[in-house]
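Heads up: the sequence shown begins at 22 in my numbering, then just goes up one per residue. Heads up, the beta-carbon is just placed ideally off N, CA and C, and yes, glycines get one too.
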Amino acid sequence: MTQNGSRIRILPDDVANQIAAGEVVERPASVLKELVENAVDARASHISVELVAGGRRLILVQDDGIGMCRDDVLLSIERHATSKVYHAGDLTRIATMGFRGEALAAICSVSRLEIVSRTRSEPTAVRLTASAGKILSVDDCGAPCGTRVAVRDLFFNVPARRKFMRTERTEAALLRQMFIAYALAFPGIDFSLRSDGREVYRLPAVSGFQERIRLLFGEDLFRQLFPVAGSEGTASIRGYAGHPSLSRSDRGGQFVFVNHRPVQSALLAATIREAYSSILEKGRHPTVFLQVDVPPEEVDVNVHPTKREIRFRHPQQVRNTLAVALQEALAGHLPGRPDSGVSAGFPRSGRGGPVPGQPPAVTGSLRPFPYVRIPVEVNTPDSGPAPPAVPVLEDLPSSGRPPVTSDTAPWKWFRLLGRIAEGRYVIMETDQGLVLMDQHAAHERVVYENLMRAFSSDHPLIQGLLAPETVSLPPADAENIRHSLRVLRRMGFDIEEFGADSFVINGLPAIVSPHGSVRRLLLDVAAAVHVAGHRAAQRAAIAELVAKAACRSAVKGGEHFSEPEIEQLVVRLAETEMPYTCPHGRPTLIMLSFRELNRKFGRG
22 MTQNGSRIRI LPDDVANQIA AGEVVERPAS VLKELVENAV DARASHISVE LVAGGRRLIL
82 VQDDGIGMCR DDVLLSIERH ATSKVYHAGD LTRIATMGFR GEALAAICSV SRLEIVSRTR
142 SEPTAVRLTA SAGKILSVDD CGAPCGTRVA VRDLFFNVPA RRKFMRTERT EAALLRQMFI
202 AYALAFPGID FSLRSDGREV YRLPAVSGFQ ERIRLLFGED LFRQLFPVAG SEGTASIRGY
262 AGHPSLSRSD RGGQFVFVNH RPVQSALLAA TIREAYSSIL EKGRHPTVFL QVDVPPEEVD
322 VNVHPTKREI RFRHPQQVRN TLAVALQEAL AGHLPGRPDS GVSAGFPRSG RGGPVPGQPP
382 AVTGSLRPFP YVRIPVEVNT PDSGPAPPAV PVLEDLPSSG RPPVTSDTAP WKWFRLLGRI
442 AEGRYVIMET DQGLVLMDQH AAHERVVYEN LMRAFSSDHP LIQGLLAPET VSLPPADAEN
502 IRHSLRVLRR MGFDIEEFGA DSFVINGLPA IVSPHGSVRR LLLDVAAAVH VAGHRAAQRA
562 AIAELVAKAA CRSAVKGGEH FSEPEIEQLV VRLAETEMPY TCPHGRPTLI MLSFRELNRK
622 FGRG
């Protein structure tokens, strides 16, 4: 408190700069974003990036743009100094990537910075060095036209920020993802990337979006993309939407640009999700490459210091344009969904389901099936004498495990009555009452526990593929896989590196379906490893994928088991440790006891 009692004071410049840097510079990838945007605004035709130690030790960006004179170099590290905005009205029609005049000042305040720049009209370049926001030297030097910015020891003077950085591997993966985003946004610029002395990318300038996608992600992925195009009013959209088989467990495959700016937009994300809602299971995210073009005055990029969040002046117009474009792209390349209907009973081979629009036949559709006795001891009292059992279990494949003797089994015997809601739910009578079973959730629980037992084994069984499969992954995902090879091999993956971001898979864990997408499986593994962060958590994180693998391996709600398969499923469900829920917590069974039925019918 000052002598006059005032508690409010003006912060010193170094403290104010560090606070401002916290908004603009979140991590090394934020630095790369700002420097690449400056290079783009400088009309560069070539941008090279060099990284060391995941950006902790060095982030260097060099371009061949218009460069800066001495006075501009000195002003560039001052807050709110910019060449892109002169009047308040300019903020309503921003056509450049940067405009705030905060980036270099923020970066300079939390790093050791060197800027070397030369204009075409100057015979020599100017070099500025600074540390923690303080200029150390300014001198002339020799250099080609353009600008080189080297950021060293990021957050060296802010220990709290450095402490909360992720591992070098994680930061490097995020840097590569940021590099890819801008390389996609500007295919007409030559981009190159080196990391820890190794050349990662050399991307020559190309004429269009599709050529850059091919260079970055490969021909195999590109063949599974559908062209997207549409326009309404002043909004136009072009790009590609991925086949459902390219879906991921995270949004790492979604690249969305507005006026060439990589953005995050709740409006666009929701529209993409809705377009795929009928063809992707819950928790899966599509791969898309989309460019949205609107007049600069119709989009507000001045929402957040990072400029990642945007607002549209006419959001409904943009949403409609994207929704229609995606719908047309997907409808033209994917088979339609079958008409919905109601199916009761268990259709046999050669019998069709009910005719759409007609009520399902009752005669025979809910006919009783033989009773099936489950070999367990249950402590609950009988609701009545059990009907004589038919030895169906003798005809079922043996699980190789002794009969369950715990009280986890929900019933002693059951009888199948029918199936409703397009075959999604099975109706059963048991010794305790009436039971509805979600066949997908039940099968998921059975598969999940089998998978967990296999994954817990120290010597998992490996199934060799008939032909080795080569899988190319996005750089960030490939990096995660590369650092998890030992864990994967212990879990039954026969996998080897094959090039920069490719892997050869010779075998899979025996518990994984060989008919599924190997690429999709690896993407899920990469996402789990990324979330885990450190090696000690990786096995547990990958084990979480078992639940997802079980979900994909389980029969879908509308698919039909035969009667013996349903009977076997019920028996196997009774043998699980948690028969009442699937691995995600959804109920497998809804039970209505005879006592409750009697009460509802007034016989209580």
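Contacting residues, own chain, Cβ-Cβ under 8 Å from residue i (five flanking each side not counted)
i: E143; result: G88, C90
CB-CB length for residue i against residue j, believed under 8 Å
i: I331; j: V284; result: 5 Å
i: V46; j: A127; result: 5 Å
i: V249; j: A352; result: At roughly 12 Å, the Cβ-Cβ gap does not stay under 8 Å, so V249 and A352 are not in contact.
i: M199; j: A50; result: 4 Å
i: L246; j: Y261; result: 4 Å
i: G239; j: S493; result: 4 Å
i: R282; j: V322; result: 7 Å
i: V467; j: L590; result: 7 Å
i: L56; j: V131; result: Contact flag wrong, Cβ pair sits at about 14 Å.
i: M599; j: G454; result: 20 Å between Cβ atoms; not a contact.
i: G273; j: P495; result: 7 Å
i: L195; j: R48; result: 7 Å
i: L224; j: A204; result: 6 Å
i: L437; j: E584; result: 7 Å
Candidates the options: closest to residue i by CA position
i: V147; options: S132, E295, G163; result: G163
i: H264; options: R511, A296, V315; result: A296
i: T140; options: G86, S97, A193; result: G86
i: I156; options: A206, I201, L96; result: L96
i: R510; options: L267, G520, P496, V525; result: V525
i: Y222; options: A521, S583, L613, E232; result: A521
i: G229; options: F310, V137, Q83; result: F310
i: M449; options: F519, R503, E517, I587; result: I587
i: N280; options: A256, E465, L529; result: A256
i: T168; options: E135, T602, V508; result: E135
i: P317; options: R624, F333, C166, A181; result: F333
i: P165; options: L205, A65, E232; result: A65
i: V73; options: E189, D93, K184; result: E189
i: T597; options: E465, L543, L125; result: E465
i: F514; options: P496, P489, E319; result: P489
i: P52; options: I68, L125, R28, E99; result: The sequence as given places Val at residue 52; Pro does not occur at that position. If we check each option's Cα against that of V52, L125 comes out closest.
i: L543; options: E500, G485, H67; result: E500
i: V447; options: E517, F582, S299; result: F582
i: D92; options: V159, E58, L175; result: V159
Exposure label - residue i; buried when at least 16 CB within 10 Å
i: R219; result: exposed
i: K433; result: buried
i: L618; result: exposed
i: H480; result: exposed
i: Q337; result: exposed
i: P208; result: buried
i: D498; result: buried
i: R507; result: exposed
i: F622; result: exposed
i: A193; result: buried
i: R77; result: buried
i: R616; result: exposed
i: D452; result: buried
i: I68; result: buried
Where residue i sits in the DSSP three-state scheme
i: S130; result: helix
i: K621; result: helix
i: T150; result: strand
i: P248; result: strand
i: K303; result: coil
i: E398; result: Interpretation of E398 is limited by its pLDDT of 45, a score under 50 that renders its predicted location unreliable; the figure taken from the coordinates is listed afterwards. Note: E398 maps to coil in three-state DSSP.
i: Q275; result: strand
i: Q484; result: strand
i: F185; result: coil
Residues near residue i by beta carbon distance below 6 Å, same chain, minus five either side
i: G251; result: I258, T342, V345, A346
i: R173; result: L79, R133
i: R215; result: E71
i: R235; result: F243
Cβ-heavy atom distance, residue i to the ligand NAP, below 7 Å
i: L437; result: Among the components of this structure there are no ligands whatsoever, and the ligand NAP is therefore not found.
Cutoff 8 Å: residue i Cβ touching any chain C Cβ
i: T150; result: The chain labelled as chain C is not found in the depicted structure, where only one protein chain is given.
Spatial neighbours of residue i in its chain, beta-carbon cut-off 7 Å, leaving aside the 5 residues before and after
i: G304; result: S270
i: S523; result: T491, V492, S493
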